[in-house]
Amino acid sequence: MIMGISDAASLGPCEVLSGCYSGLFASKKTQLKAPFNPHLKSKGRRAHLQKKSQFLKFQCQKTDGVTEISSEDGNGFWRKEPSTVKNQLLHDDAFQKVLGVDDTKQARRDKKGFCIEDEGWNLLHESIVYYCGTPVGTIAAKDLTDGNALNYDQVFIRDFIPSGIAFLLKGEYDIVRNFILHTLQLQSWEKTMDCHSPGQGLMPASFKVRTVPLDGDDSATEEVLDPDFGEAAIGRVAPVDSGLWWIILLRAYGKCSGDLSVQERIDVQTGIKMILKLCLSDGFDMFPTLLVTDGSCMIDRRMGIHGHPLEIQALFYSALLCAREMLALEDGSADLVRALNNRLIALSFHIREYYWVDMKKLNEIYRYKTEEYSYDAVNKFNIYPDQIPPWLLEWMPNKGGYLIGNLQPAHMDFRFFSLGNLWAIISSLATNQQSHAILDLIEDKWSDLVADMPFKICYPSLEGQEWRIITGSDPKNTPWSYHNGGSWPTLLWQLTVACIKMNRPELAAKAVEVAGKRLSADKWPEYYDTKSGRLIGKQSRLYQTWSIAGFLVAKLLLADPGAAKMLWNDEDAGIISAISFMTDSCSPRRKRGRKPLKQTFIV
Numbered sequence: 000m001i002m003g004i005s006d007a008a009s010l011g012p013c014e015v016l017s018g019c020y021s022g023l024f025a026s027k028k029t030q031l032k033a034p035f036n037p038h039l040k041s042k043g044r045r046a047h048l049q050k051k052s053q054f055l056k057f058q059c060q061k062t063d064g065v066t067e068i069s070s071e072d073g074n075g076f077w078r079k080e081p082s083t084v085k086n087q088l089l090h091d092d093a094f095q096k097v098l099g100v101d102d103t104k105q106a107r108r109d110k111k112g113f114c115i116e117d118e119g120w121n122l123l124h125e126s127i128v129y130y131c132g133t134p135v136g137t138i139a140a141k142d143l144t145d146g147n148a149l150n151y152d153q154v155f156i157r158d159f160i161p162s163g164i165a166f167l168l169k170g171e172y173d174i175v176r177n178f179i180l181h182t183l184q185l186q187s188w189e190k191t192m193d194c195h196s197p198g199q200g201l202m203p204a205s206f207k208v209r210t211v212p213l214d215g216d217d218s219a220t221e222e223v224l225d226p227d228f229g230e231a232a233i234g235r236v237a238p239v240d241s242g243l244w245w246i247i248l249l250r251a252y253g254k255c256s257g258d259l260s261v262q263e264r265i266d267v268q269t270g271i272k273m274i275l276k277l278c279l280s281d282g283f284d285m286f287p288t289l290l291v292t293d294g295s296c297m298i299d300r301r302m303g304i305h306g307h308p309l310e311i312q313a314l315f316y317s318a319l320l321c322a323r324e325m326l327a328l329e330d331g332s333a334d335l336v337r338a339l340n341n342r343l344i345a346l347s348f349h350i351r352e353y354y355w356v357d358m359k360k361l362n363e364i365y366r367y368k369t370e371e372y373s374y375d376a377v378n379k380f381n382i383y384p385d386q387i388p389p390w391l392l393e394w395m396p397n398k399g400g401y402l403i404g405n406l407q408p409a410h411m412d413f414r415f416f417s418l419g420n421l422w423a424i425i426s427s428l429a430t431n432q433q434s435h436a437i438l439d440l441i442e443d444k445w446s447d448l449v450a451d452m453p454f455k456i457c458y459p460s461l462e463g464q465e466w467r468i469i470t471g472s473d474p475k476n477t478p479w480s481y482h483n484g485g486s487w488p489t490l491l492w493q494l495t496v497a498c499i500k501m502n503r504p505e506l507a508a509k510a511v512e513v514a515g516k517r518l519s520a521d522k523w524p525e526y527y528d529t530k531s532g533r534l535i536g537k538q539s540r541l542y543q544t545w546s547i548a549g550f551l552v553a554k555l556l557l558a559d560p561g562a563a564k565m566l567w568n569d570e571d572a573g574i575i576s577a578i579s580f581m582t583d584s585c586s587p588r589r590k591r592g593r594k595p596l597k598q599t600f601i602v
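Last residue of the sequence shown? That's 602 in numbering that gives the first Met the number 0, and every number before it is there in order.
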């Protein structure tokens, strides 16, 4: 386990721990054999933690300087100015309850000249998690009204992305750098559930900083990082999107801070390659899209997205482009880069060609012939026209379109999934014409997708028998709630980046204005319920960090649209050329046994 040490008798920073980590990508024999178990008895728990402490140690020092990384070792010496007793007390939940901090925040809102951004930044800084005296992330939510924290007191990779971007835009680079490097070190752990280990390269869904007594010395404590790779998550689902978000944030850090030394480090380069090898590994699938289980992304509960969900494909495409920018060109990575380029071309063609739906495409599907057996089949996936849901025939505007949520043999998921469509614009997975059409649809269906609170995570919701079968009667995902058609304020920042990229910032500004009227007064909920988003979610946590960060990032980007360039990917001329060739009459329907094409594309 990643270790630090501190004296329990003082409120100062960690004491110096000798020794630094020297084998990031160690063999499995030297890695942990079991995750941290909070239910172990005291003695067994100490022994368990002591065993994990041998995996990795950090050196924490008291200093007046800012965070630094030593160039002499692979991980560096984390230094930060010691926190005061006052600061530590203010971050203590019990102390805040005594002081009535929630009442203080309400009084602050009632004052004249109240600024929602100022409150947001105060809350964002209060959510920061420290490890060995240095900031390493933000907790998911700091809701003092709910005594059962579940895992909302942990640092989630996907939840930290808007927080990290907010800090980058404000010039607070250290916390993002620390987050990137600490999560990278967690990547090399051995992850097991019921004696089975997933592929190397998997990033954790979240981690928690725990303070535990030091064995043999009751007067001292040690800080440990305890990751969750899905073995403790509800449903036990591996977080496929974590590694993809990590690569995207790594690129954004370099572009915003100008510090390319992080992405050039050997351990970081190795981490990128491990993620890519995991994603690009051969399987039984005939499609270039990633095959995943239900609940492996932002929608982390059973919602019928197993297969090839759009959200994962858009993040996958973006991560491939970002990784290609950052990978050091060397002989050992030639095969990986070649596989990456081939996947980019195939993936972009597949999504643009088969996931896209508008009135023209809808009419084409409506007239599909089925049971076609040939290489020249028009209905390649044997989609039955009766699959077109009645709501879509009324909902689809004449101007506009979107990328469907999922595609598998004999199955098209026609639901509109917001994150996937927005990130398809940001990553240029969608064409320029398709990107404008998606925003046209959002503008036309404003009352459905935004209404009283942006932004619907998906549309429409599953109801009745469909809800019972697909979700398993999930009481949290009832119609128009949570992931089943709930409204999520954190999606504001993705909407803003997409709108700025397509030179339509007024659309995002309109959504931000809607959210700004309620978020602070409603205490920054995680999500909203009902079809129009009028009610705070039934089980929504308050002071949800990524709701706060998503709003702040949207405001910052609207004030400085040029800063959004660090987040999007421009359309690649090589990919356009390759796809143009693929759509040529001789190419997409070529028969088996044809000789390899002499023409190659360097993307």
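The beta-carbon is built from N, C-alpha and C at its ideal position, and this holds for glycine as well.
With distances taken between CB atoms, is the gap from residue i to residue j smaller than 8 Å?
i, j, result
"L309", "Y354", "yes"
"M302", "D293", "yes"
"D357", "G399", "yes"
"L243", "L335", "no"
"Q493", "L418", "yes"
"F228", "P212", "no"
"I547", "L185", "no"
"Q636", "M411", "The displayed coordinates of the chain run from 0 to 602. Any statement about residue 636 would go beyond what the structure contains."
"L339", "A322", "yes"
"S426", "Y316", "yes"
"L326", "P287", "no"
"G119", "F454", "no"
"T182", "I156", "yes"
"L555", "L168", "yes"
"Y383", "A423", "no"
"A508", "I499", "no"
"L277", "L361", "no"
Which first and last residues belong to the beta strand (DSSP E) in which residue i is found?
i, result
"P203", "It is not in any beta strand (DSSP E) - P203 carries neither H nor E in the DSSP assignment."
"V336", "From DSSP, V336 is part of no beta strand (DSSP E) but of the alpha helix (DSSP H) over 333-353."
Across which residues does DSSP place residue i in a beta bridge pair?
i, result
"I535", "Y527"
"P212", "T220"
"G400", "D357"
"K207", "D225"
"V291", "G306"
"F415", "Y458"
"G136", "V128"
Would DSSP call residue i helix, strand or coil?
i, result
"Y130", "strand"
"V377", "coil"
"Y316", "helix"
"T582", "coil"
"H307", "coil"
"H410", "strand"
"C114", "coil"
"V552", "helix"
"G485", "coil"
"E464", "For clarity, residue 464 is Gln in the given sequence; the question names Glu instead. If DSSP states are grouped into helix, strand and coil, Q464 belongs with the helices."
"G633", "No statement about residue 633 is possible, as the shown extent of the chain runs from 0 to 602 and does not include it."
"F454", "coil"
"Q153", "coil"
"L420", "With the sequence shown as reference, residue 420 is identified as Asn, and Leu is not the correct amino acid for it. Helix, per DSSP."
"V267", "helix"
"S543", "Here residue 543 turns out to be Gln, not Ser, going by the sequence shown. Residue state, collapsed to three classes: strand."
"A93", "With a pLDDT of only 47 at A93, under the threshold of 50, the placement of this residue in the model should not be trusted; the figure read from the coordinates follows. If DSSP states are grouped into helix, strand and coil, A93 belongs with the helices."
"N568", "coil"
"G471", "coil"
"S427", "coil"
"N177", "helix"
"N121", "helix"
"S480", "strand"
If you follow the alpha helix (DSSP H) that residue i is in, where does it begin and where does it stop?
i, result
"D216", "Note, D216: premise wrong, no alpha helix (DSSP H); beta strand (DSSP E) at 216-227."
"I160", "156-168"
"L143", "No alpha helix (DSSP H) holds L143; DSSP gives it neither H nor E."
"A507", "504-515"
"T245", "Checking the sequence shown, residue 245 turns out to be Trp, not Thr. Note, W245: alpha helix (DSSP H), 239-256."
"C296", "Taken as a continuous stretch (DSSP letters only), C296 belongs to no alpha helix (DSSP H), as it is neither H nor E."
"I437", "431-443"
"I499", "491-500"
"E393", "389-394"
Shorter than 7 Å, the distance from the beta carbon of residue i to the closest heavy atom of the ligand ADP, or not?
i, result
"M501", "Among the ligands in the structure shown, none appear at all, so the ligand ADP cannot be discussed."
From the beta carbon of residue i, is the nearest beta carbon of chain D less than 8 Å away?
i, result
"P560", "In the structure shown, chain D does not exist; there is a single protein chain."
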